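Chains as they are written, first to last, in the working numbering: chain V, 28 to 153; chain U, 305 to 579.
Backbone N, C-alpha and C fix where the C-beta goes; we use that ideal spot for every residue, glycine too.
Fair warning: this is a prediction, and the values are worked out from it, not measured in the lab.
Single-structure report; data block below.
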């Protein structure tokens, strides 16, 4: 299945935030080969043990694929100023994620590598 | 005949004596109030990198088990780390305090409450070890308050923990402890001498997977005006353990492979002709 993404070769994008924030190994996500995704939020799940962004990504053939993206725990996000209302369905995002090693549509997302599609940072209260 | 007033007096005296037995002199205890957050990463020894960088003093047998775990994780598997499926981490890994903790003192028990784990009970009533108790992941802890500087106020809690069950690992890399679960953990918990908002836990792990007792010192920083969150691993975990395999839930709730080339689960009990 075709995916609209760009493979990032730069080692500067080696992600550590997913491993740092996890209560368990995040080894199923490929931290050495992050990818870019663009899509709209289908759902922002502000749940334990990890938050999830369900992202609808348009494919080259015009179909859509829903990605299951795991992030930090809600309590960790709140300490960074996020809430359950920070993202809502329909928000257009651009993210650098660590994809599942299997190639299935899943991965890990992080606050520092997530912004609105138009380049605006995610605004949160401090 | 017994005078009703005498009965009432005895009853009142009993109530007051019982209350006095439970009330304790709080001025004898250090101020460990508030929320304590780890002041480092999630690895076991905070001074070294996670995984092989820990340079854990493992026996050759358990070093091989660790290497196999690392190899499985490199392929996308969980290795020895079962925490991804909300399996309890147990002692001593609880004291990595991935999410915050707080201390509650009572005369006979010091409780450690964790945001995302079952609490620890540290019995400080001078009891002896029970005979063959049921093991638990947190183990059975007996502690003693120490007034090291003789100023009339406790400044350290020394704890020994036994009777743990497993399997247990020391960190998310799957750094293993012995399957015989004969682990003994000794701790000395104390405030930093120069900064009262820093707490240290000097933890020594004695285990048959190790060639020697292994001591690490964890550091925690205090948040005096905390906000506490509900953090229950079972709420919406997308990692699914089936047998020795881990899978990941898709956006629409179906199983996806976590490892490249991973086979689907064995469906041998889904024989439609039988059920």
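Residues of chain U with a Cβ closer than 7 Å to the Cβ of residue 97 of chain V are, in chain order, 542. Residue 561 of chain U reaches chain V at 129 and 131, counting residues in chain order whose Cβ is nearer than 7 Å. Close to residue 481 of chain U, with beta-carbon spacing below 8 Å, lies no residue of chain V; the smallest spacing is near 16 Å. Secondary-structure assignment with DSSP links residue 425 of chain U through a beta bridge to U:415. Of all residues in the region 516–542 of chain U, only 531, 532, 533, 534, 535, 536, 537, 538, 539, 540, 541 and 542 place a beta-carbon less than 9 Å from a beta-carbon of chain V.
For residue 351 of chain U, the closest alpha carbon among the candidates U:569, U:519 and U:390 is that of U:519.
The shortest C-alpha to C-alpha distance from residue 138 of chain V to any of V:74, V:145, V:78 and V:128 is the one to V:78. Here DSSP, grouped into helix, strand and coil, assigns residue 405 of chain U to strand.
Beta-bridge annotation (DSSP): residue 133 of chain V is paired with V:95. In this structure, residue 408 of chain U sits away from residue 398 of chain U, with a CB-CB distance that is not shorter than 8 Å. Scanning its chain for C-beta atoms nearer than 6 Å, with the 5 sequence neighbours on each side dropped, one finds around residue 514 of chain U the residues 361, in chain order. Straight-line measurement puts the Cα of residue 394 of chain U at about 11 Å from the Cα of residue 481 of chain U. Considering only beta carbons, the part of the region 399–427 of chain U lying closer than 7 Å to chain V consists of 402, 403, 419 and 420, in chain order.
Legend: CB atoms of the region 334–366 of chain U lying less than 7 Å from CB atoms of chain V belong to residues 345 and 346. Within the region 547–561 of chain U, those residues whose Cβ lies closer than 8 Å to any Cβ of chain V are, in chain order, 550, 552, 553, 554, 555, 556, 560 and 561. The contact set of residue 105 of chain V on chain U, defined by CB atoms closer than 8 Å, consists of 531 and 533 in chain order.
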